[in-house]
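Going by the UniProt record's numbering, 12 is the number at position 12 of the sequence shown; the sequence numbering is gapless.
Quick reminder that beta carbons are idealized off the backbone N, C-alpha and C, glycines included.
As the structure is a computational prediction, the values presented were derived from the model and not from experiment.
A short worksheet on the structure shown next.
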Amino acid sequence: MIRVYTDAAVAGNPGLAAVGVCIVTQGQQEQLTAEIDVLCDNHFAELWAIRFSLQYLKKEHKINDMIFLYSDSKLAVDAIRKKYVKRNEYRIILQDILELIEECSFFECEWVPDGNNKGSDHLARQALQQLKRKGLSS
1 MIRVYTDAAV AGNPGLAAVG VCIVTQGQQE QLTAEIDVLC DNHFAELWAI
51 RFSLQYLKKE HKINDMIFLY SDSKLAVDAI RKKYVKRNEY RIILQDILEL
101 IEECSFFECE WVPDGNNKGS DHLARQALQQ LKRKGLSS
C-alpha cells in the first residue's frame, strides 16, 4: 500500500508555482518536489501535483500497488471523482490524471484538511522559495 500526499504552492494568480509530494510505503517516506514551468493558478498547480505524483509512481513501477492519494484541494479531488472539471485549462491535465488512474490496480483519492497535509505543504513552499530565488538571480 502506498500513501501519497500532494500539495502546491503558488506566488500570484497566476504566478510561479511548485509542488511537494510525500510518498509513504511500508513506513519509508520519499519526498519529491518539482517546479511548474508555466505561470498558473493554485487549482492548476494542485492538479499538476497529482499528475506529477502518478507519473513518478508509474516510472518507478509502483502503479500496480494499492494507491491512496490525499490532497487538500477540494476542486482536484472532486474533479477526479466526477471525472469532470468546468474550466478548459484544467481539462487536459485532468485527462492525463484519469488515464494514469486507469493504469492503477487500485486508486482512492481523498480530500484532507490543510493541517493533515503539512509534509507536502512544507515541501511545496520550500520548492517555491527556491524557484523565486532562482528567478531573482537570473
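For A34 versus T6, is the C-beta distance shorter than 8 angstroms? no
Classify D121 as buried or exposed, calling it buried when 16 or more other Cβ atoms lie within 10 Å of its own Cβ. D121 comes out buried.
Sub-8 angstroms separation of P113 and D72 beta-carbons: yes
From residue 139 to K86, what does the alpha carbon distance come to, in whole angstroms? Summary: the structure shown does not reach residue 139, with the chain confined to residues 1 through 138, and so no result is reported for it.
Who does M66 pair with in a DSSP beta bridge? Paired residue(s): F106.
Kindly indicate the opening and closing residues of the beta strand (DSSP E) around V3. Per the sequence shown, residue 3 should be read as Arg rather than Val. Its beta strand (DSSP E) spans residues 2–12.
Between the stretch 76–90 and the stretch 53–62, do three or more beta carbon pairs fall short of 8 angstroms? no
Quick check: what's the CA-CA separation for residue 143 versus R125? There is no way to answer for residue 143, as the model of the chain reaches only from 1 to 138.
What is the DSSP secondary structure of Q26, counted as helix, strand or coil? coil
Using the DSSP secondary-structure output, state which residues sit across from G31 in a beta bridge. Reading the sequence as shown, one finds Gln at residue 31 and not Gly. Per DSSP, C22.
Coil, strand or helix - S73 by DSSP: coil
Rounded separation between I97 and G12 - CA only: 25 angstroms
Do you know whose CA, among K132, V4, I80, lies nearest Q31's CA? V4
I36 - partner residues in DSSP beta bridges: Looking at the DSSP assignment, I36 forms a beta bridge with A17.
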